[in-house]
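Number of protein chains: 2
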Amino acid sequence: MGSVKALGIGDVRVGKGFWGDRQRLVAESVLPYQWKALNDEIPGAEPSHAFENLRIVAGLSSGELYSFQFQNSEIGKWIEAASYSLAREPDPELEGRVDEAIELLGAAQESDGYIQSYYKATTPDKRWGDLEWGHELYSGGHLLEAAVAHYSSTGSRKLLDIMLRYVDCVDKAFGREDGKRRGYDGHPEIELALFRLYGVTGDEKHLKLAEYFVDERGQKPCYFDAERATNGAGKRERDFDLDYFQAQAPAREQRSAEGHAVRGVYLYSAMADYAAITGDARLREALSAIWESAAERRMYVTGAIGSQHRGERHTIDYDLPSDRAYAETCASIGLVFWAWRMLLLDPDSRYADVIERALYNGVLSGMSADGTRFFYVNPLAAIPAVARARFDQDATKTRRVQWFGCSCCPPNVARLVGSIGTYAYTYDSASVWVHNYISGEAVFPAEAGGMRVAVETEYPWEGRIALRIAAGGGRRALRLRIPSWSASFSAALNGRRIESPSVEKGYMVVDRAWEAGDELILDLDMTVHFLFARSEVAEAAGMAAAQRGPFVLCAEEADNGPELQGVEVYPSVPAKARRGLLACESGIEVESLRVEAAGRKALPTPPGAPLYGPSAPRYGEGPVVLIPYFQWANRAEGEMRVWLRCGM
Amino acid sequence: MGSVKALGIGDVRVGKGFWGDRQRLVAESVLPYQWKALNDEIPGAEPSHAFENLRIVAGLSSGELYSFQFQNSEIGKWIEAASYSLAREPDPELEGRVDEAIELLGAAQESDGYIQSYYKATTPDKRWGDLEWGHELYSGGHLLEAAVAHYSSTGSRKLLDIMLRYVDCVDKAFGREDGKRRGYDGHPEIELALFRLYGVTGDEKHLKLAEYFVDERGQKPCYFDAERATNGAGKRERDFDLDYFQAQAPAREQRSAEGHAVRGVYLYSAMADYAAITGDARLREALSAIWESAAERRMYVTGAIGSQHRGERHTIDYDLPSDRAYAETCASIGLVFWAWRMLLLDPDSRYADVIERALYNGVLSGMSADGTRFFYVNPLAAIPAVARARFDQDATKTRRVQWFGCSCCPPNVARLVGSIGTYAYTYDSASVWVHNYISGEAVFPAEAGGMRVAVETEYPWEGRIALRIAAGGGRRALRLRIPSWSASFSAALNGRRIESPSVEKGYMVVDRAWEAGDELILDLDMTVHFLFARSEVAEAAGMAAAQRGPFVLCAEEADNGPELQGVEVYPSVPAKARRGLLACESGIEVESLRVEAAGRKALPTPPGAPLYGPSAPRYGEGPVVLIPYFQWANRAEGEMRVWLRCGM
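So the sequence lines, in the order shown, correspond to chains A and B.
Per this note's numbering, residue 134 is the first one in the first sequence, and the count goes up by one each step.
Per this note's numbering, residue 134 is the first one in the second sequence, and the count goes up by one each step.
Below you can see the structure in the form of structure tokens.
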């Protein structure tokens with residue numbers, strides 16, 4: 134491993150507050166709901182068939198296999214999320230469900246370790262026969278992540294042992310040795326799962342297999358081409374060429390984020406794991422270039438990536454349309470995974486800034502306030518009637534839905550929320566970094582002086598973070614991230630203001646011999662600020678997006694009426710922010726922000742006026758009301774916009 | 134026929150000037166070029182196979198039939214355009230080609246009159262078996278229009294006689310009588326062609342057949358559904374439902390322009406013919422409502438229609454994206470056909486204004502300055518790299534191309550340009566209308582006093598139109614259209630200014646006893662003006678489009694550099710217009726306009742600045758250079774924009 138390390142799921146307790154509330158929501162609502170969804174028990178929802186497929190394979194049910202070939206991945210993510218929840222607090226009912234799922238997986242496992250509940254051909258002789266599209270290793274990877282998470286969270290080896298047999302089966306099938314397939318999965322995932330496994334087992338076999346999969350991708354001649362020739366597949370359709378699979382070149386030769394956005398971030402995560410373990414300079418060089426491309430040329434202001442539905446993919450630099458954003462929830466989640474691993478390679482706040490941008494915006498927008506409705510696609514502007522009418526927005530919903538036939542996103546949100554504490558801190562022998570401000574407590578190992586840190590904060594609603602050393606310490610640098618959006622900040626140590634605090638790579642550094650009881654207060658600037666995109670971004674020309682703290686804001690029809698294209702904001706006038714409750718259509722009220730930005734709005738053109746005429750629009754002056762983007766579409770269906778025209 | 138009548142192709146001579154130049158281009162370049170294209174003789178162009186298919190069917194060639202099922206329509210349009218050119222001036226080589234084409238059609242005709250060079254199944258027993266998609270009657274309709282045009286232009290009955298046999302064959306096959314198919318074509322066209330034929334033959338059989346096809350469309354149960362059941366066709370895909378074929382309801386019950394834009398305007402043209410002949414009030418009521426929807430809610434400022442590639446269709450009101458405009462050249466041409474027929478029903482300038490808007494913008498943009506390159510899709514904004522990258526712009530080209538596999542548009546432009554003189558005047562017993570200003574001469578029949586009118590003008594480059602009565606006259610009202618864009622105008626009769634000229638339904642009325650030598654001068658206001666879209670048009674919010682005379686203007690990268698999204702114009706500052714030559718990439722120089730509008734442009738964001746940052750863009754003040762939209766993409770490939778942000 135690289136010299137900077139992360140904490141485990143058991144090392145961080147998330148306390149009350151923004152994330153604690155969400156972890157409770159996951160435990161009380163999301164996980165039970167998703168269990169039902171995966172068991173096809175939600176009336177009116179698209180059926181999943183995930184567990185039913187497993188039961189059929191295990192001989193416990195006699196129905197017919199159907200649905201997508203990757204449904205096991207959703208079971209894996211659900212078990213992973215449930216495991217994190219069990220690490221947080223015991224829940225016998227949930228534990229029973231997890232055990233039931235694990236037993237089903239065991240029952241469905243073949244004697245040689247292979248597990249696949251549903252494969253397109255449903256014939257055993259087709260095993261590994263369609264790596265390009267079959268998602269066998271992808272599904273296995275998610276089950277493997279679940280196994281690692283379950284083991285780390287509960288100490289139980291039940292699922293881990295099942296999946297170790299699965300990995301042996303994979304290891305026998307894949308590699309450069311004679312008699313093995315020299316292939317890799319169309320959807321990266323097994324790679325990062327194997328690196329995670331290696332982190333638990335330390336077994337070189339697992340490391341080598343992970344490395345093999347990363348190394349082999351993109352080699353020429355391309356495995357997928359040979360496979361297609363064998364299968365008699367036709368020409369690849371536009372937008373689904375080798376770059377869709379990140380197989381256009383070997384990992385070390387890639388220099389930009391291409392293709393399917395989720396596949397990309399899963400691969401780059403594995404590449405970063407690989408680089409951290411081996412110190413491979415060529416991988417790091419590739420990762421740096423790919424990161425620049427993703428974060429500085431192809432990312433939405435909400436931390437979303439993937440600007441096109443077809444291929445769920447990147448297009449070209451700066452092509453970031455708001456209404457046609459694919460911006461898959463999973464892609465923002467995967468971006469968090471990748472950025473976190475970049476942070477382990479290089480503790481620079483630019484990675485943590487992206488984690489925060491994605492988390493509080495593009496990730497959380499994927500779930501309704503009550504945890505039972507989900508977005509797959511997260512546009513930055515929507516007009517419901519247009520989204521319904523246009524083919525180029527046919528994946529875009531303007532209401533979150535109960536479930537998707539392919540429901541990769543909902544349990545992915547659950548597992549990220551469940552493990553959010555592990556994305557807050559890193560350490561090495563000399564420093565402890567605080568990347569994300571989450572109230573609760575963290576316990577560091579001996580290498581970090583056995584420090585216990587308690588954080589109290591109402592972040593992200595408020596900018597004050599109080600960090601108390603609860604135990605341990607010794608001389609080391611505490612490094613607290615100063616988010617790039619915070620125009621200024623102040624800090625105090627044990628009640629005394631720190632003059633000219635030192636900032637390195639985006640972190641305020643307080644280097645001293647720490648003692649229990651020491652208290653560090655950080656005050657970030659929570660003024661509503663406006664962001665402008667680079668001039669290359671056609672979609673945002675002449676526009677600004679408002680942000681408060683880590684929350685990107687949006688205007689909704691519920692507050693501003695329709696025709697939001699007519700809204701202008703005045704970025705030079707300070708906006709007013711007020712905390713308050715958002716009354717959701719589901720009947721609940723949730724914490725929110727109501728921001729009033731100075732601006733105006735075009736008055737509706739009078740009836741009878743021509744479609745195109747010489748009269749410039751008339752405007753009505755008045756504040757524009759904004760709420761956090763992630764909370765959009767929790768009220769009556771209507772228009773929404775993040776980028777707003779700038780006036781004044 | 135209604136009381137207002139049009140002139141025939143032989144009644145109007147188009148003189149030197151804008152349209153005369155274009156008719157010469159058609160004669161000298163376009164028709165020879167398209168002849169080669171239809172004969173697969175253009176190196177590098179998509180092959181047409183149109184004539185080769187005919188030769189194969191006629192037994193003159195032994196190749197294999199291929200390409201689209203509607204290639205005969207392109208032969209029809211080419212013959213029609215060539216016929217108009219022959220009416221203008223003799224050309225033995227062209228005449229020889231026309232005769233060759235007609236002979237081929239005759240040779241390919243079956244003994245019962247049926248003509249179809251290529252039908253999907255290529256088996257005779259499938260005749261009329263796929264009306265929904267087969268385009269048999271559509272292709273026949275274009276050949277029929279060609280026959281009428283050839284007869285009217287040359288007096289020859291060669292093609293007319295062939296097509297009369299074809300019409301007999303159609304008449305035997307279709308209708309409500311026992312033993313006939315009660316169907317209609319998926320692509321309207323035969324209807325308007327039959328009405329045109331009736332105008333020449335006066336044969337009630339032709340009228341009844343035309344009426345049948347209009348009346349039957351949209352009746353329940355739907356013929357297409359029955360046909361699909363027979364053919365075992367699956368569910369219709371999204372965007373290709375019955376409204377795609379304007380078969381969602383009977384013609385008289387339709388109230389908005391729906392579905393495939395070209396199909397729509399061809400049907401509405403036939404409906405207007407029908408209403409003109411029969412005075413059917415319910416058809417007129419439907420046409421009024423459909424017109425409102427098309428022209429006031431679903432039309433681009435360039436007179437283009439069809440805002441989505443998939444289904445080449447309308448979506449919903451006010452959904453008019455610039456970069457994803459389908460805006461097919463043929464749709465603007467068909468809009469001219471339809472608007473012209475509305476004008477015959479009701480001489481109101483709003484129809485002529487749309488004709489002009491479409492002609493000078495959305496139609497002419499379909500052809501390069503040298504007449505050898507064509508656009509199918511006419512976007513109102515383009516960034517070449519984005520258009521190449523995005524699936525939702527995959528029909529959009531930023532260079533005109535040599536030919537299309539389905540090349541409906543190029544010969545459609547040619548036939549409209551060739552017949553442009555017939556779109557200038559109408560008359561009844563009391564009035565002569567001048568709708569479009571084209572230098573040349575028109576001869577009216579006895580009903581209009583045998584008047585001869587000579588027009589001298591540099592319109593559309595200049596706003597002065599001189600209209601001289603060359604012969605005939607007597608008491609009648611001359612009605613000259615005042616385009617809606619002309620903020621003011623002045624007129625003089627025989628050198629004396631007309632004080633407070635009377636304007637009715639958009640036409641200046643000069644009602645007097647006319648004598649040979651009378652001269653009427655009209656001066657329109659050619660000031661560059663800015664148009665604003667209604668507030669519902671999201672795409673144009675905060676933006677303006679500049680126009681001079683009938684020309685909508687655009688900014689091109691060639692004049693303004695890249696990142697045109699950063700351009701702002703100041704509509705309140707008068708813009709400067711200068712006539713001049715546009716140096717085209719093809720090597721020729723053509724008449725053009727260069728407009729300098731006051732404005733500014735965002736400076737490129739410096740390298741290294743973040744993708745999203747707190748710094749508002751900086752601007753460089755300076756004029757924005759605009760040229761007529763229809764001439765875009767005649768220089769180096771680059772960005773283009775019609776709607777520009779408004780500053781000041």
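Virtual Cβ for every residue (Gly too), placed ideally from N, Cα, C.
| task | With a threshold of 16 other CB atoms inside 10 Å of the CB of residue 714(B), please say whether the residue is buried or exposed. | result | Residue 714(B) should be labelled exposed.
| task | Identify, in the order they occur along the chain, each residue of the same chain with its Cβ nearer than 6 Å to the Cβ of residue 376(B), setting aside the five sequence neighbours on each side. | result | Closer than 6 Å at the Cβ level, and outside the excluded window around residue 376(B), lie 391 and 392.
| request: For the segment 725–752 of chain B, enumerate the residues whose C-beta is nearer than 8 Å to any C-beta of chain A, in chain order. | output: Answer in chain order: 735, 736, 737, 738, 742, 743, 744, 745, 746, 747, 748, 749 and 750.
| query | Which chain B residues sit within Cβ distance under 9 Å of residue 524(A)? | reply | 371, 372, 441, 442, 443, 444, 448 and 525, listed in chain order.
| message | Is there a Cβ of chain A sitting closer than 7 Å to that of residue 483(B), yes or no? | response | It does not; no Cβ of chain A falls within 7 Å.
| message | Would the segment 142–152 of chain B count as touching the segment 209–224 of chain B if we require 3 or more Cβ pairs under 8 Å? | response | With contact defined as three or more Cβ pairs closer than 8 Å, the segment 142–152 of chain B and the segment 209–224 of chain B are in contact.
| If you count every other CB in all the chains shown that lies within 10 Å of the CB of residue 475(B), and 16 or more means buried, which is it? | Per the 10 Å Cβ criterion, buried.
| said: Quick check on residue 276(A): does DSSP put it in helix, strand or coil? | reply: Reduced to three states, the DSSP call for residue 276(A) is helix.
| query | When the Cα of residue 456(B) is compared with those of 421(B), 397(B), 473(B) and 530(B), which residue comes out closest? | reply | Per the C-alpha coordinates, the member of 421(B), 397(B), 473(B) and 530(B) positioned closest to residue 456(B) is 530(B).
| How would you write the range of the alpha helix (DSSP H) that residue 304(A) sits in, first residue to last? | Note, residue 304(A): alpha helix (DSSP H), 291–306.
| query | Taking contact to mean at least 3 C-beta pairs separated by less than 8 Å, is the segment 232–249 of chain A in contact with the segment 276–292 of chain A? | reply | Yes, the segment 232–249 of chain A is in contact with the segment 276–292 of chain A.
| Cα separation between residue 409(B) and residue 694(B)? | Straight through space, the alpha carbons of residue 694(B) and residue 409(B) are spaced by roughly 51 Å.
| request: Could you say which of 473(A), 523(A) and 617(A) lies nearest to residue 559(A) if we only look at CA atoms? | output: Taking each of 473(A), 523(A) and 617(A) in turn and checking the Cα distance to residue 559(A), the smallest one comes out for 473(A).
| request: Give the DSSP-derived three-state secondary structure of residue 706(B) in the structure shown. | output: Residue 706(B): coil per DSSP, three-state reduction.
| query | Of all the CB atoms in chain A, is at least one closer than 7 Å to the CB of residue 630(B)? | reply | For residue 630(B), not one C-beta of chain A is nearer than 7 Å to its own C-beta.
| task | Could you name the residues that DSSP lists as bridge partners for residue 339(B)? | result | DSSP lists no partner for residue 339(B).
| task | Just mark residue 254(A) as buried or exposed, buried being the case when its beta carbon has 16 or more other beta carbons within 10 Å. | result | Bear in mind that the predicted position of residue 254(A) carries a pLDDT of just 41, short of 50, making it unreliable; the figure below should be weighed with that in mind. With a threshold of 16 other beta carbon atoms within 10 Å, residue 254(A) falls short and is exposed.
| message | Counting beta carbon pairs with one atom in the segment 751–759 of chain B and one in the segment 681–701 of chain B, are three or more of them shorter than 8 Å? | response | Judged by Cβ distances under 8 Å, the segment 681–701 of chain B makes contact with the segment 751–759 of chain B, as three or more pairs qualify.
| Should residue 734(A) and residue 699(A) be called a contact, given that it needs their Cβ atoms to be closer than 7 Å? | Taking 7 Å as the cut-off, the Cβ atoms of residue 734(A) and residue 699(A) count as close.
| request: Mark residue 523(A) as exposed unless 16 or more other C-beta atoms lie within 10 angstroms of its C-beta, in which case mark it buried. | output: Counting other Cβ atoms within 10 Å of its Cβ, residue 523(A) reaches 16 or more and is therefore classed as buried.
| field | Where residue 516(B) meets chain A, residues with beta-carbon distance less than 7 Å | value | Under the 7 Å cutoff, chain A gives 671.
| field | Contacts around residue 577(A), its chain only, beta-carbon distance under 8 Å, and the 5 residues preceding and following it disregarded | value | These residues qualify, in order along the chain: 140, 144, 558, 560, 565, 583, 584, 585, 586 and 605.
| message | Between the alpha carbons of residue 187(B) and residue 458(B), how many angstroms are there, rounded? | response | Distance between the alpha carbons of residue 187(B) and residue 458(B) is about 34 Å.
| query | What residues match up with residue 564(B) in a beta bridge as DSSP calls it? | reply | BP columns for residue 564(B) point to 610(B).
| task | May I ask which residues mark the beginning and end of the beta strand (DSSP E) holding residue 782(B)? | result | Only positions 134 to 781 of chain B appear in this structure, which leaves residue 782(B) out of reach.
| said: Output needed in chain order: residues of the segment 754–781 of chain B with a Cβ under 8 Å from some Cβ in chain A. | reply: When C-beta distances to chain A are compared with 8 Å, the residues of the segment 754–781 of chain B below that value are 778 and 779, in chain order.
| 7 Å Cβ cutoff, residue 666(B) in contact with chain A | At a cut-off of 7 Å between C-beta atoms, residue 666(B) counts as an interface residue with respect to chain A.
| Taking the beta strand (DSSP E) that residue 645(A) falls in, what are its first and last residues? | If you look at residue 645(A), you'll find it in the beta strand (DSSP E) that goes 640–647.
| Which value, in whole angstroms, describes the spacing of the CA atoms of residue 619(A) and residue 658(A)? | Put simply, the backbone Cα of residue 619(A) is about 5 Å away from that of residue 658(A).
| Beta-carbon proximity of residue 775(A) to residue 611(A), cut-off 7 Å | In terms of Cβ geometry, residue 775(A) and residue 611(A) do not form a close pair [threshold 7 Å].
| task | Would you list the one or two residues that DSSP bridges to residue 761(A)? | result | DSSP, once it has assigned bridges, lists 686(A) as partnering residue 761(A).
| Contact set between residue 430(B) and chain A, taken where Cβ atoms lie within less than 9 Å | Listed along chain A are 744, each with a C-beta nearer than 9 Å to that of residue 430(B).
| query | Does the distance from the CB of residue 271(B) to the CB of residue 322(B) come in under 7 Å? | reply | Yes, the pair counts as a contact, with Cβ atoms nearer than the cut-off.
| task | Identify the contact partners of residue 393(B) in chain A, using a Cβ-Cβ distance below 8 Å as the criterion. | result | Chain A residues near residue 393(B): none, gap ~14 Å exceeds 8 Å.
| query | Are the C-beta atoms of residue 698(B) and some chain A residue less than 7 Å apart? | reply | Yes, its Cβ sits closer than 7 Å to a Cβ of chain A.
| request: Specify the secondary structure class of residue 202(B) as computed by DSSP and reduced to three states. | output: Here residue 202(B) sits in coil by DSSP.
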